[in-house]
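These protein sequence lines are chains A and B, in that order. According to this note's numbering, the stretch in the first sequence is residues 1 to 304, in order. According to this note's numbering, the stretch in the second sequence is residues 1001 to 1282, in order. Think of the CB as a built atom: it goes at the ideal place given N, C-alpha and C, for glycine as much as any other residue. For clarity, every value in this text was computed on a predicted model and none was experimentally measured. The block underneath contains the structure these notes are about, expressed in structure tokens.
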Amino acid sequence: MTRRHKEYLTGYAFIAPNIVAFLAFILIPLGFSLYMSFHEWKLLADPKWVGLANWIKLLWFHVEDGRIVANDPHFWKYLGNTIYLLIAVPLTIVVALILAILLDQPLKGRIVFRTLFILPVVSSTIAVAVVWSWLFNTEFGLINAGLRFLGIKGPSWLGSIEWAKPAVIIMMVWKQAGYNMLLCLAGIQNIPQELYESASMDGAGVWTRFRFITVPMLSATIFFMIIMGIIGGMQAFNAVFVLTKGGPAEATTTLVYYVYNNGFQWFRMGYASAIAWILLIIILAFTLVQWKYRKKWVYGEQGN
Amino acid sequence: MTDIVLTRRVKTAAWKGICYVLLVCIAIAMIMPFLWMVSTSLKELNKVFTFPPQWIPEEPMWSHYVEVWQQVPMLRWYGNSTFVTLAITFGQLLTSSMAAYGFARLKFPGRDKIFLIYLATLMLPFHVRVIPLFSILSKMGWLNTYKALIIPQLANPFGTFLLRQFFLTIPRDLEDAAIIDGCSRFRIYSRIIIPLSKPALATLATFVFMGVWNQFFWPLIVTSTPEMRTLAVGLALFKGRFSTDWPLLMTASVIVLIPSLIVFVFNQRFFTKGILLGGVKG
Chain A
1 MTRRHKEYLT GYAFIAPNIV AFLAFILIPL GFSLYMSFHE WKLLADPKWV
51 GLANWIKLLW FHVEDGRIVA NDPHFWKYLG NTIYLLIAVP LTIVVALILA
101 ILLDQPLKGR IVFRTLFILP VVSSTIAVAV VWSWLFNTEF GLINAGLRFL
151 GIKGPSWLGS IEWAKPAVII MMVWKQAGYN MLLCLAGIQN IPQELYESAS
201 MDGAGVWTRF RFITVPMLSA TIFFMIIMGI IGGMQAFNAV FVLTKGGPAE
251 ATTTLVYYVY NNGFQWFRMG YASAIAWILL IIILAFTLVQ WKYRKKWVYG
301 EQGN
Chain B
1001 MTDIVLTRRV KTAAWKGICY VLLVCIAIAM IMPFLWMVST SLKELNKVFT
1051 FPPQWIPEEP MWSHYVEVWQ QVPMLRWYGN STFVTLAITF GQLLTSSMAA
1101 YGFARLKFPG RDKIFLIYLA TLMLPFHVRV IPLFSILSKM GWLNTYKALI
1151 IPQLANPFGT FLLRQFFLTI PRDLEDAAII DGCSRFRIYS RIIIPLSKPA
1201 LATLATFVFM GVWNQFFWPL IVTSTPEMRT LAVGLALFKG RFSTDWPLLM
1251 TASVIVLIPS LIVFVFNQRF FTKGILLGGV KG
């Protein structure tokens, strides 16, 4: 055995534990789930090949009484719900930007504030969702109590079709703002100070400097946050599971919830796999967009 | 001239004042849920349903913090979460650091291709793998065991990526000297690379710890009996059962939140670094 071969072997030995787990629990299941999406598969029965039937049911339409009807209207409804909840993404970024700008000022105690703003990020989604379902309580929740002080009769947040989605969004913004704030803060602190100084010399005010220096210089960060927010938001499940169980009247059932119900409540494993693969394709598309522009983002990071 | 300096000072002070007021307002809004959680956890059940809401309970019910352990198997869940989290954190640090060393320093055929496949899977949603994983584990009879909770999570492409990038920044001279002295690769890895990588390892450990401690979907589906639940799953199901006993639910939430908040406060700089390295979702 030559020295080179020995090095090869050492190399494989080093990656072996990781790659075995990677193959067994990441790569093979990934392929296997695509295979499963072409089957009808109750958990205990043998899988039955059904070709594209699951995919056609999910994505195709048929005509009923002269109207075009989706083969699985639920799927489209849940996809719509999931996309609706993505409203949280831009809202989170706006809040994060405000926080980051405030924390960028030379103020005392900003470390403490920064820590406070990150607490929701590191908290268990389940635990904070339990807390928020109490905050959203119609009769005695803190939010409606606050509204009552202002003379407003608060809605039945988690019990009404119109308000359940906004309630979930509010909690998501609260939970995620600190994460994006850290990214914004890093982005802001990478902006060369000279830009602001020379702009001030030219008489630019706070708003002008923000609009024409901060925002453009942060564009890569903002883009990154949008993509990551969409990728994360498409997988929304935990908060909804605790807050609303997907209700009322399926108003907050998300795609992942549909995967969960099909796979682990109704044991339609093949159908659940097909839904999961559609989710994967959507996320893959956003990932590719992000990779395409990643160089810019990385460049921006190293530009300082 | 002095006038200009003065107005500028006034302006700066006013701006600072506005910033402070805003910061304090937002900070209050952000920590309100936490305060309300603690406040409710200390109230008697019938004192919870009042208007206007009471912030400081007249008689704090510390007994809830005893009672909750008796009402539900919290202690068992705590043990499960702790064991599973530590096992996965340790396991991932080991497999990731070894693989990262291989990818960063050793030459072998297919190395870069394999690494690229790792990277490609980074963003893929976990939910795509979950159904096959579940059926594989069910065939193996692993459902509702610690094996099911731990072993499928021992590979972490993100951790491998993170550590590889860090290892690449370690100067090669140190290793070259050790190789000339006849050190084996494994010795170099364990005696030189690992000790030099403590900050990176701590960053990864912080992330993995918080991710696993807070994870929900996987333990929800692979466990089926109360004694195998983790804290997050136990709490979610507890909420379904005792949906109106808010003081007890808030007490349980406090207990679930404390470990990750402590880990965060003590590892804040590692956490921040991890997020900036392209980190993890919450």
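Check: Does the distance from the C-beta atom of T1095 (chain B) to that of N18 (chain A) stay below 8 Å?
Finding: Walking along the second sequence from the start, residue 1095 (chain B) turns up at place 95. Walking along the first sequence from the start, residue 18 (chain A) turns up at place 18. In contact: T1095 (chain B) and N18 (chain A) (Cβ atoms closer than 8 Å).
Note to self: For I1192 (chain B), tell me which candidate among B:V1128, B:Y1101, B:G1240 has the shortest Cα-Cα distance.
What the structure shows: Reading the second sequence from its first residue, position 192 is the one you call residue 1192 (chain B). Nearest C-alpha to I1192 (chain B): B:Y1101.
Checklist line | Terminal residues of the alpha helix (DSSP H) in which V256 (chain A) lies | finding: In the first sequence, counting from the first residue as 1, residue 256 (chain A) sits at position 256. Annotation: the continuous alpha helix (DSSP H) that includes V256 (chain A) extends over 255-260.
Checklist line | S33 (chain A) beta carbon less than 8 Å from that of W277 (chain A) | finding: As a first step, residue 277 (chain A) is located in the first sequence; it is residue number 277 there, counting from the start. As a first step, residue 33 (chain A) is located in the first sequence; it is residue number 33 there, counting from the start. Result yes, Cβ atoms of W277 (chain A) and S33 (chain A) sit closer than 8 Å.
Item checked: G1110 (chain B) versus Y1118 (chain B) - alpha carbon distance -> Start at 1 with the first residue of the second sequence, and residue 1110 (chain B) comes out as number 110. Start at 1 with the first residue of the second sequence, and residue 1118 (chain B) comes out as number 118. Going from the Cα of G1110 (chain B) to the Cα of Y1118 (chain B) covers about 12 Å.
Next item on the list: Count the C-beta pairs between the segment 181-199 of chain A and the segment 246-263 of chain A that are closer than 8 Å, then say yes if the count reaches three, no if not.
Entry: Under the Cβ criterion (8 Å, minimum of three pairs), the segment 181-199 of chain A does not count as touching the segment 246-263 of chain A.
Item checked: Own chain residues within Cβ distance below 6 Å of R268 (chain A), not counting five before or after -> As a working mapping, residue 268 (chain A) is identified with position 268 in the first sequence. Excluding positions up to five away in sequence, the list reads N262.
Next item on the list: Grab me the residues of T1206 (chain B)'s own chain with a C-beta within less than 6 Å of its C-beta, minus the 5 sequence neighbours each way, in chain order.
Entry: As a working mapping, residue 1206 (chain B) is identified with position 206 in the second sequence. Correct list, in chain order: N1267, F1270, F1271.
Check: For L9 (chain A), does the count of other Cβ atoms within 10 angstroms reach 16, so buried, or fall short, so exposed?
Finding: By one-based count along the first sequence, residue 9 (chain A) stands at place 9. Using a 10 angstroms sphere on the CB of L9 (chain A), the tally of other CB atoms stays under 16, which defines it as exposed.
Checklist line | A96 (chain A) versus A:G187, A:A13, A:V206, A:L142, residue with shortest Cα-Cα distance | finding: The residue you call residue 96 (chain A) lines up with position 96 of the first sequence. Ranking the options by Cα distance to A96 (chain A), first place goes to A:G187.
Margin query: For the pair the segment 120-136 of chain A and the segment 1022-1036 of chain B, tell me if three or more CB-CB distances fall below 8 Å.
Written below: Yes: the two stretches touch, three or more of their Cβ pairs being nearer than 8 Å.
Checklist line | The beta strand (DSSP E) enclosing R67 (chain A), as first and last residue numbers | finding: Reading the first sequence from its first residue, position 67 is the one you call residue 67 (chain A). Run containing R67 (chain A): 67-70, per the beta strand (DSSP E) assignment.
Margin query: What does the alpha-carbon distance come out to for the pair Q1215 (chain B) and T1251 (chain B)?
Written below: To locate residue 1215 (chain B), count along the second sequence from 1; it is residue 215. To locate residue 1251 (chain B), count along the second sequence from 1; it is residue 251. Between Q1215 (chain B) and T1251 (chain B), the alpha-carbon positions lie close to 20 Å from each other.
Notebook entry, point to check: Does the distance from the CB of S1197 (chain B) to the CB of L1163 (chain B) come in under 8 Å?
Noted result: The residue labelled residue 1197 (chain B) in the question sits at position 197 within the second sequence. The residue labelled residue 1163 (chain B) in the question sits at position 163 within the second sequence. Going by C-beta atoms, S1197 (chain B) is nearer than 8 Å to L1163 (chain B).
Check: Should V1005 (chain B) go down as buried or exposed, given a rule of 16 or more other Cβ atoms within 10 Å for buried?
Finding: The sequence position of residue 1005 (chain B) within the second sequence is 5, counting from 1. Taking a 10 Å sphere around the C-beta of V1005 (chain B), we find fewer than 16 other C-beta atoms and assign the residue as exposed.
Check: How would you call Y1189 (chain B), buried or exposed, if buried means at least 16 neighbouring beta carbons within 10 angstroms?
Finding: As a working note, residue 1189 (chain B) is residue 189 in the second sequence. Y1189 (chain B) counts as buried, since no fewer than 16 other beta carbons sit within 10 angstroms of its beta carbon.
Note to self: Using a Cβ-Cβ distance cut-off of 8 Å, determine whether C1019 (chain B) contacts chain A.
What the structure shows: Taking the second sequence and counting its residues from 1, the one referred to as residue 1019 (chain B) is at position 19. Yes, C1019 (chain B) counts as interfacial toward chain A.
Notebook entry, point to check: Once you ignore the five residues that flank I1170 (chain B) on each side, which residues in its own chain have a CB closer than 6 Å to its CB?
Noted result: As a first step, residue 1170 (chain B) must be located in the second sequence, where it is residue number 170. L1196.
Margin query: Just to check my reading of the structure: Y258 (chain A) and Y78 (chain A) have Cβ atoms closer than 8 Å, yes? What is that Cβ distance to the nearest angstrom?
Written below: Position 258 of the first sequence, counting from 1, holds the residue named residue 258 (chain A). Position 78 of the first sequence, counting from 1, holds the residue named residue 78 (chain A). Between Y78 (chain A) and Y258 (chain A) the Cβ distance is about 5 Å, and since that is below 8 Å, they are a contact.
Note to self: To be precise: take each residue of the segment 1192-1213 of chain B, compare its Cβ to all Cβ atoms of chain A, and keep it if any distance is under 8 Å. Which residues remain?
What the structure shows: For the segment 1192-1213 of chain B, residues whose beta-carbon sits nearer than 8 Å to a beta-carbon of chain A comprise M1210, W1213.
Notebook entry, point to check: By DSSP, does E40 (chain A) sit in helix, in strand, or in coil?
Noted result: Against the first sequence, residue 40 (chain A) aligns to sequence position 40. The answer is strand: DSSP assigns E40 (chain A) an E or B state.
Notebook entry, point to check: Going by beta carbon distance, what residues of the same chain come within less than 6 Å of L1174 (chain B), once the five residues before and after it are set aside?
Noted result: By one-based count along the second sequence, residue 1174 (chain B) stands at place 174. Only I1192 meet the Cβ criterion.
Check: When burial is assigned at 16 or more other CB atoms within 10 Å of the CB, is I275 (chain A) buried or exposed?
Finding: Here residue 275 (chain A) refers to the residue found at position 275 of the first sequence. Answer is buried; the Cβ neighbour count reaches 16.
Next item on the list: Report yes or no: do the segment 52-63 of chain A and the segment 205-214 of chain A share at least 3 C-beta pairs separated by less than 8 Å?
Entry: Contact check between the segment 52-63 of chain A and the segment 205-214 of chain A: fewer than three CB pairs, one atom from each, fall below 8 Å, which does not count as touching.
Notebook entry, point to check: Given that a residue counts as buried once 16 or more other Cβ atoms are within 10 Å of its Cβ, and exposed if not, what is M1140 (chain B)?
Noted result: Taking the first residue of the second sequence as position 1, residue 1140 (chain B) is located at position 140. It is exposed - the Cβ of M1140 (chain B) has fewer than 16 other Cβ atoms within 10 Å.
Check: Who are the neighbours of F1166 (chain B) on chain A, taking C-beta pairs under 9 Å?
Finding: The residue you call residue 1166 (chain B) lines up with position 166 of the second sequence. Chain A residues near F1166 (chain B): none, gap ~16 Å exceeds 9 Å.
Checklist line | Per-residue contacts from W1036 (chain B) into chain A (C-beta, under 8 Å) | finding: As a first step, residue 1036 (chain B) is located in the second sequence; it is residue number 36 there, counting from the start. Within chain A, the residues V131, W134, L135, L142 have their CB atoms less than 8 Å from the CB of W1036 (chain B), given in chain order.
Next item on the list: Look at the alpha carbon of N71 (chain A) and the alpha carbon of I1088 (chain B), and state the distance between them as a whole number of angstroms.
Entry: Position 71 of the first sequence, counted from the start, is the residue given in the question as residue 71 (chain A). Position 88 of the second sequence, counted from the start, is the residue given in the question as residue 1088 (chain B). Across the structure, N71 (chain A) and I1088 (chain B) are spaced so that their CA atoms are roughly 42 Å apart.
Margin query: DSSP three-state label for R268 (chain A), please.
Written below: Taking the first sequence and counting its residues from 1, the one referred to as residue 268 (chain A) is at position 268. Correct three-state label for R268 (chain A): strand.
Check: Using a C-beta to C-beta distance shorter than 9 Å, which residues of chain B count as neighbours of E7 (chain A)?
Finding: Taking the first residue of the first sequence as position 1, residue 7 (chain A) is located at position 7. Chain B residues near E7 (chain A): L1106, K1107, F1108, R1185.
Note to self: Here's the rule I'm using: 16 or more other beta-carbon atoms within 10 Å means buried, otherwise exposed. How should P1125 (chain B) be labelled?
What the structure shows: Taking the second sequence and counting its residues from 1, the one referred to as residue 1125 (chain B) is at position 125. Its Cβ being crowded by 16 or more others within 10 Å, P1125 (chain B) is buried.
Checklist line | Interface residues of the segment 1121-1134 of chain B facing chain A [CB-CB below 9 Å] | finding: Those would be T1121, L1122, M1123, L1124, P1125, F1126, H1127, V1128, R1129, V1130, I1131, P1132, L1133, F1134, in chain order.
Checklist line | Contacting residues, own chain, Cβ-Cβ under 6 Å from I1262 (chain B) (five flanking each side not counted) | finding: Locating residue 1262 (chain B) in the second sequence gives position 262, counting from the first residue. Closer than 6 Å at the Cβ level, and outside the excluded window around I1262 (chain B), lies no residue.
Notebook entry, point to check: From G303 (chain A) to I170 (chain A), what distance separates their C-alpha atoms?
Noted result: Counting from 1 along the first sequence, the entry for residue 303 (chain A) is found at position 303. Counting from 1 along the first sequence, the entry for residue 170 (chain A) is found at position 170. Low local confidence applies: a pLDDT of 36 at G303 (chain A) is under 50, so the model's placement there is unreliable, with the coordinate-based value given in what follows. Looking at the backbone, the Cα of G303 (chain A) and that of I170 (chain A) are separated by about 35 Å.
Next item on the list: Quick one: give me the first and last residue of the beta strand (DSSP E) that E64 (chain A) is part of.
Entry: Along the first sequence, read from residue 1 onward, the residue named residue 64 (chain A) stands at position 64. Per DSSP, the continuous beta strand (DSSP E) segment holding E64 (chain A) begins and ends at 61-64.
Next item on the list: Scan the segment 1032-1058 of chain B for residues whose Cβ lies nearer than 9 Å to a Cβ of chain A and list them as they occur along the chain.
Entry: Only those residues of the segment 1032-1058 of chain B whose C-beta falls short of 9 Å from the nearest C-beta of chain A are listed: M1032, P1033, F1034, W1036, M1037, T1040, V1048, F1049, T1050, F1051, P1052, P1053.
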